Amino acid sequence: MLLIKLFFTFREKTVDWGMHELEAVMDRNDINDNFFKVMTFFGDHALHHLFPTLDHALLRHLYPVFLKHCEEFRANYRLTSQYDFFIAQLRMAVKEDPNVLKESS
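Take the sequence shown: its position 100, counted from the start at 1, is 113 in my numbering, and no numbers get skipped.
Next comes the structure, spelled out in structure tokens:
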């Protein structure tokens, strides 16, 4: 119940659907630089979530406008490497103590 309350509190502050999409994904800079890798390793992930019906061959052309808007609206567009992503995934898999969200006043 607390998680639902926190979600709706955040949602009231940020009602933009695109901002929520960017919070849900992370891109890998060593995947996005090659179209073959993009197609085989889920590259251009953020743009795919924003424009799911566009062909992946077109997504790379949206980056100049996308990055400009991310900067202008302070969107949380996150980049990492495939290696760091893999290590973080392993750390989450072996984690025993959950992150407990605290209720904000």
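Cβ atoms here follow ideal geometry from the backbone N, Cα and C, with glycine treated the same way.
Quick caveat, the model's predicted, so the values are computed rather than measured.
With fewer than 16 other CB atoms across the displayed protein chains lying within 10 angstroms of its CB, residue 101 is exposed. For residue 59, the number of other beta carbons within 10 angstroms of its own is at least 16, and it is reported as buried. In the DSSP secondary-structure assignment, residue 92 is bridged to 40. DSSP, reduced to helix, strand and coil, places residue 67 outside both helices and strands of the structure shown, so it counts as coil. Taking a contact as a CB-CB distance under 8 angstroms, the pair residue 38 and residue 74 does not count as one, their CB atoms being some 19 angstroms apart. Annotation: the continuous alpha helix (DSSP H) that includes residue 77 extends over 76-85. Around the C-beta of residue 57, 16 or more other C-beta atoms lie within 10 Å, and the residue is accordingly described as buried.
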